[in-house]
Amino acid sequence: EEELNHLRNKHHIHANGTDVPPPLASFQELQDTYGVSEVILRNVLAQGYAEPTGIQRQAVPLMLQGRDTMACAPTGSGKTAAFIVPVLHDLSQLMGEENGEENRGPRALILVPTRELAKQSQREFRKLSKGLGLKICVVEKEQTMAKKCQQQFDILVTTPNRLIYMLKNELPLVTVSNLRWLVVDECDKMFEAGKQGFRDQLGTIYQACSNPNLRRALFSATFAQDVEEWCKLNLDNVVQVHIGAKNT
Ligand code: ADP
Ligand code: MG
Numbered sequence: 017e018e019e020l021n022h023l024r025n026k027h028h029i030h031a032n033g034t035d036v037p038p039p040l041a042s043f044q045e046l047q048d049t050y051g052v053s054e055v056i057l058r059n060v061l062a063q064g065y066a067e068p069t070g071i072q073r074q075a076v077p078l079m080l081q082g083r084d085t086m087a088c089a090p091t092g093s094g095k096t097a098a099f100i101v102p103v104l105h106d107l108s109q110l111m112g113e114e115n116g117e118e119n120r121g122p123r124a125l126i127l128v129p130t131r132e133l134a135k136q137s138q139r140e141f142r143k144l145s146k147g148l149g150l151k152i153c154v155v156e157k158e159q160t161m162a163k164k165c166q167q168q169f170d171i172l173v174t175t176p177n178r179l180i181y182m183l184k185n186e187l188p189l190v191t192v193s194n195l196r197w198l199v200v201d202e203c204d205k206m207f208e209a210g211k212q213g214f215r216d217q218l219g220t221i222y223q224a225c226s227n228p229n230l231r232r233a234l235f236s237a238t239f240a241q242d243v244e245e246w247c248k249l250n251l252d253n254v255v256q257v258h259i260g261a262k263n264t
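All residue numbers for the sequence shown refer to the numbering used here, where the first residue is 17 and numbers rise by one.
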C-alpha cells in the first residue's frame with residue numbers, strides 16, 4: 017500500500033474511481049502481470065522508452081482491465097502510447113479467432129482532431145505493433161475512402177468529420193458496430209473547437225458503436241468540465257486519471 021502511494025505521489029498520479037489497479041512500476045510488468053506479449057514489450061523498449069510515463073503507468077493497467085478511462089496529462093507526456101499498448105494487446109489476443117469474417121469493420125477507432133495527428137498516431141501504432149500483423153488505416157481523401165474501406169483493417173484513425181461522412185454515406189463506408197475500443201484523443205480540443213458540433217458528432221458515432229462490450233477512453237491535455245460531464249453521463253464506472261494538479 018505504501019509502495020503504491022509512493023509510486024502515485026512520485027509521478028503525480030491522481031486516480032478517481034473504484035477498484036483502480038496499481039500503477040505500473042515498469043514496462044516489464046506488462047508481461048509479468050498482464051500477459052502482454054513479448055512482441056509488444058519489445059516494440060515499446062525499441063522506441064527507447066525505458067520507463068513508463070505517469071499517464072502510461074496508470075492508464076495502461078486500467079485499459080488492460082477493460083475499464084472506461086478519462087485521462088488527463090500534459091502535452092508531451094506519452095498519451096499516445098498509453099492508449100496504443102492496451103489496444104494492441106486486446107486486438108492481438110483476438111487475432112486468429114476471427115479470420116475470414118467479412119466486413120466486420122475495424123476493432124478500434126481512434127478519433128483525433130486533425131489529419132496530421134491521425135498520421136502521427138498511425139506511425140506510432142505501426143512502430144508499436146511491428147510483428148503483430150494488425151492493419152492500421154488512416155482515411156485521408158474522400159476519393160480514396162471507398163477503396164480503403166473495402167479492405168479489412170483492425171484500427172481506424174480518423175477525424176470526426178471523416179468518420180461522420182463515412183457513416184452517413186449512402187452505402188456506409190465503414191462498420192463500427194463491431195468496435196471494441198473507442199478512443200478520443202485530444203478530446204478537450206474537440207469539445208472546445210466546435211462545442212456543440214463535436215458533441216453531436218460524438219453522439220452520432222457513439223450510437224453507431226453498438227457493441228455492448230465497447231470500451232472507451234478519452235485523453236486530453238487539460239482538465240475540461242465538458243469532457244468530465246460527458247464521461248459521467250456516457251461511460252460505465254469510469255476512472256479519471258490526472259497527472260499533476262487537477263486544474264493545470
Ligand atoms: P502527448 O500525446 O501526451 O502529447 P506523445 O504521445 O505525443 O505525448 O509523446 C511525446 C513524446 O514522448 C513522443 O516523442 C514519444 O515518442 C515520447 N514517449 C512516449 N512514451 C515515452 C516513454 N515512456 N519514455 C520516453 N519517451 C516517451
Ligand atoms: Mg497526444
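Ideal Cβ positions, reconstructed from N, Cα and C, are used throughout, including at glycine.
For C153, does the three-state DSSP call read helix, strand or coil?
On the sequence shown, residue 153 is found 137 positions in, with the first residue counted as 1. It is a strand residue.
List the endpoints of the continuous alpha helix (DSSP H) containing V55.
Counted from its first residue, the sequence shown places residue 55 at position 39. Per DSSP, V55 belongs to the alpha helix (DSSP H) from 54–62.
Can V257 and N32 be called in contact, C-beta distance under 9 Å?
Taking the first residue of the sequence shown as position 1, residue 257 is located at position 241. Taking the first residue of the sequence shown as position 1, residue 32 is located at position 16. Yes. Within cutoff.
When you compare only the Cα positions, how much space is there between P90 and D106?
If you number the sequence shown from 1, residue 90 lands on position 74. If you number the sequence shown from 1, residue 106 lands on position 90. Their Cα atoms are separated by approximately 26 Å.
In angstroms, rounded to a whole number, what distance separates the CA positions of L61 and F43?
Within the sequence shown, the letter at position 45 stands for residue 61. Within the sequence shown, the letter at position 27 stands for residue 43. L61 and F43: Cα-Cα distance of roughly 8 Å.
Taking the alpha-carbon of L198 as reference, which of P122, L249, E18 has the nearest alpha-carbon?
To locate residue 198, count along the sequence shown from 1; it is residue 182. Of the listed residues, the one whose Cα sits closest to L198 is P122.
Kindly indicate which three-state DSSP category C194 falls into: helix, strand or coil?
The sequence position of residue 194 within the sequence shown is 178, counting from 1. According to the sequence provided, residue 194 is Asn. The question's Cys does not apply to it. In the structure shown, N194 sits in coil (DSSP, three-state: anything other than H, G, I, E or B).
Beta carbon of G260: closer than 8 Å to some heavy atom of ligand 1?
In the sequence shown, residue 260 corresponds to position 244, counting from 1. Incorrect: G260 has no Cβ contact closer than 8 Å to ligand 1.
Below 8 Å, can you find three or more Cβ-Cβ pairs linking the region 58–76 to the region 90–99?
yes
Which of helix, strand or coil does DSSP assign to N32?
Stepping through the sequence shown from its first residue, residue 32 is reached at position 16. Strand at N32.
I need the DSSP call for N263, collapsed to helix, strand or coil.
As a position in the sequence shown, residue 263 is number 247, starting the count at 1. A caution first: N263 carries a pLDDT of 48, below 50, which makes its placement in the model too unreliable to give a value.
Rounding to the nearest angstrom, what Cα-Cα distance links T264 and T238 in this structure?
For the purposes of this step, residue 264 is identified with residue 248 of the sequence shown, where counting begins at 1. For the purposes of this step, residue 238 is identified with residue 222 of the sequence shown, where counting begins at 1. Here T264 scores only 45 on pLDDT, less than 50, and its place in the model should not be relied on; the value that follows carries that caveat. Approximately 7 Å between the Cα atoms of the pair.
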